[in-house]
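Q: Heads up: the sequence shown is residues 640 to 1027, going by the numbering used here. Every residue gets a Cβ at the ideal spot worked out from N, C-alpha and C, and that includes glycine. So that we are looking at the same thing, I have put the structure below in structure tokens.
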Amino acid sequence: MDTTNPDPRPGQARETVRVELGPRSYDVLVGSDLLREAGALLAPLLPGRSAIVVTDSVVANVYLDSTLDALKEAGFACSHVIVDAGEHSKDLATLGGVLDDILGRGIERTTTLVALGGGVVGDLTGFAASVLLRGVPFVQIPTTLLAQVDSGVGGKTGVNSTHGKNLIGTFYQPRLVLADVATLGTLPARELRAGYAEIVKYGLIDDPEFFAWLERNGAALLAGDRDLTRTAVAHSCRAKARIVAADERESGTRALLNLGHTFAHALEAETGYDGSLLHGEAVAYGIVLAHRLSAALGHCTGDDAARVTAHFRAIDLPSEAAALPAIRWDPPALIARMRRDKKVQDGRMTFVLTRGIGRAFLSQDVPPEALGGLLDQAFDQGARSASR
Ligand code: NAD
Ligand code: GLY
């Protein structure tokens, strides 16, 4: 991890990260004020000059007009679709509405869908693009930190089911990703922190120097330092691009990107996606549990788990059960949800465990009693600290 900032124009520089996937390769541009140039940046990469921007009700108020203006300036005929902001929109009903609405406009196979927003809009729009007319071009303009470092890159699309999170979806790559870090200036602090959890994940998977850099710089990044943010977003996108290029459809190493997610998805499902627990918050706590489980199984030291816990605590992300919203904490029910995870193979759950900071690995050998014990202990600690 290069911790210096060689940028002669602080706040202005751009970085290009290439996602190498043969004929489906594309660039992720990371920088400021990319939104203003969206039309000019997209035009050379797209087969047609017709675009539909899909966004949510919050992002529409802030960035829809400027995005449409930028596209029109470059000669695009544009329209837009707005869905309700929030995780509840990532469902089959909303998807059906979006598909019908778009088909009602008489689109062609060269019409591009532009996802303008966070991971919810990105996942929903990408899925819509992958099935409309059996596939229309798709561009990501992620406006949350989480979407810029994770969901906007790599081509996982989909919606939630009543049976669990992201259980319906496709792999479908965008033609371009524009990660305009200036848009993060309007993101609520809680959403920024939630996205930060996915940045920490890259350090903990295989980049201990990056984790150490985050320990030093995370607070300043979250306070809004634009250069630190751009550096971390670009670094995260490079990490994700490397993993996706090696294993686009998650037959192996890409599953490492799910560090903490088996726990997180179960906890989110318990909230009914009511917004009380953000995805990134659930991931932070899930990462803590993954490290504690690894320590309990003797793969890493208790100090490693404590270091991760301390970092999340320092930047006010959930590191104990007591910091979670009031969800039903029922270990057998949580484990039942984990058993419906996409990574279950022949009935065996796959966990991302670790041998230490930045040394994550996949395991299907977690004894059920160790998992139950971890969740019981987490609840006991949560209840204890809540009653203090
Ligand atoms: P989100 O899309 O719900 O956005 C969070 C909130 O921020 C929303 O209310 C949104 O309206 C608002 N918002 C977005 N940009 C804003 C801005 N610039 N200024 C002000 N408000 C803004 O949530 P998210 O955290 O971006 O994404 C979470 C989703 O991403 C989850 O559904 C998760 O499963 C998914 N995800 C997908 C992948 C993938 O690889 N496809 C990876 C990680 C997460
Ligand atoms: N966010 C996990 C993945 O893209 O594989």
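Which of the three DSSP states, helix, strand or coil, is assigned to Pro647?
A: Working through the sequence shown from its first residue, we reach residue 647 at position 8. Residue placement at Pro647 is poorly supported in this model, since its pLDDT is 41, which falls under 50; the coordinates still yield a value, given next. Pro647: coil per DSSP, three-state reduction.
Q: So does the region 864 to 876 actually touch the region 663 to 682, counting three or more Cβ pairs closer than 8 angstroms?
A: The region 864 to 876 is in contact with the region 663 to 682.
Q: Indicate the three-state DSSP secondary structure (helix, strand or coil) for Cys939 in the structure shown.
A: As a position in the sequence shown, residue 939 is number 300, starting the count at 1. In the structure shown, Cys939 sits in coil (DSSP, three-state: anything other than H, G, I, E or B).
Q: With burial defined as no fewer than 16 other Cβ atoms inside 10 Å of the residue's Cβ, what is the status of Glu909: buried or exposed?
A: As a working mapping, residue 909 is identified with position 270 in the sequence shown. Glu909 comes out buried.
Q: Tell me the rounded alpha-carbon separation between Val697 and Thr706.
A: One-based indexing of the sequence shown puts residue 697 at position 58. One-based indexing of the sequence shown puts residue 706 at position 67. Roughly 14 angstroms separates the two Cα atoms.
Q: Kindly examine the ligand NAD and report whether one of its heavy atoms sits closer than 7 angstroms to the Cβ of Ser875.
A: Locating residue 875 in the sequence shown gives position 236, where the first residue counts as 1. Ser875 Cβ: outside cutoff for every heavy atom of the ligand NAD.
Q: If contact is defined by three or more beta carbon pairs under 8 angstroms, each pair taking one atom from either stretch, is the region 763 to 777 in contact with the region 735 to 753?
A: The region 735 to 753 vs the region 763 to 777: in contact.
Q: State the Cα-Cα distance for the pair Tyr835 and Ala767, rounded to the nearest angstrom.
A: To locate residue 835, count along the sequence shown from 1; it is residue 196. To locate residue 767, count along the sequence shown from 1; it is residue 128. Each residue's alpha carbon lies about 27 angstroms from the other.
Q: When the Cα of Ala862 is compared with those of Gly765, Gly793 and Ala828, which residue comes out closest?
A: Translated into the one-based positions of the sequence shown, residue 862 becomes position 223. The candidate whose alpha carbon is nearest that of Ala862 is Ala828.
Q: For Phe777, which residues does DSSP report across the bridge?
A: The count along the sequence shown starts at 1 and reaches residue 777 at position 138. Paired residue(s): Leu752.
Q: With a Cβ-Cβ cutoff of 8 angstroms, do Leu906 and Val991 count as a contact?
A: Walking along the sequence shown from the start, residue 906 turns up at place 267. Walking along the sequence shown from the start, residue 991 turns up at place 352. Not a contact, by the Cβ cut-off of 8 angstroms.
Q: If you drop the 5 nearest sequence neighbours on each side, which residues of the same chain put their C-beta closer than 7 angstroms to that of His727?
A: The sequence position of residue 727 within the sequence shown is 88, counting from 1. Excluding positions up to five away in sequence, the list reads Tyr912.
Q: Tell me, which residues are paired with Gln984 by DSSP?
A: Translated into positions along the sequence shown, residue 984 becomes position 345. Looking at the DSSP assignment, Gln984 forms a beta bridge with Arg987.
Q: Using the Cα positions of Leu673 and Leu823, report the straight-line distance between them to the nearest angstrom.
A: Sequence index remark: in the sequence shown, residue 673 carries index 34 (1-based). Sequence index remark: in the sequence shown, residue 823 carries index 184 (1-based). Their backbone Cα atoms lie some 12 angstroms apart in a straight line.
Q: Quick check on Leu674: does DSSP put it in helix, strand or coil?
A: The sequence position of residue 674 within the sequence shown is 35, counting from 1. Leu674 falls in the helix class under three-state DSSP.
Q: Taking the alpha carbon of Asp943 as the point to measure from, which residue in Leu734, Arg998, Asp980 and Thr989 has its own alpha carbon closest?
A: In the sequence shown, counting from the first residue as 1, residue 943 sits at position 304. Here the closest residue by C-alpha is Arg998.
Q: So if DSSP puts Phe715 in a beta bridge, which residue, or which two residues, is it bridged to?
A: Mapped onto the sequence shown, residue 715 falls at position 76. Its beta-bridge partners do not exist; DSSP assigns none.
Q: Which residues mark the beginning and the end of the beta strand (DSSP E) in which Ile746 is found?
A: For the purposes of this step, residue 746 is identified with residue 107 of the sequence shown, where counting begins at 1. Unbroken run through Ile746: none, as it is neither H nor E.
Q: Tell me whether the region 842 to 855 and the region 885 to 903 touch, counting them as touching only if at least three CB pairs, one residue from each stretch, are closer than 8 angstroms.
A: The region 842 to 855 is in contact with the region 885 to 903.
Q: Under 7 angstroms: does the beta carbon of Glu889 sit that close to some heavy atom of the ligand GLY?
A: In the sequence shown, residue 889 corresponds to position 250, counting from 1. Checking the Cβ of Glu889 against the ligand GLY gives yes.
Q: Helix, strand or coil for Lys795? Go by DSSP, reduced to three states.
A: Walking along the sequence shown from the start, residue 795 turns up at place 156. Three-state result, Lys795: strand.
Q: Any heavy atom of the ligand HEM closer than 7 angstroms to the Cβ of Ser790?
A: Because the ligand HEM does not appear in the structure shown, any question about it cannot be addressed here, the ligands present being the ligand NAD and the ligand GLY.
Q: Is Thr892 helix, strand or coil when you go by DSSP?
A: Residue numbering aside, residue 892 sits at position 253 when the sequence shown is read from its first letter. If DSSP states are grouped into helix, strand and coil, Thr892 belongs with the helices.
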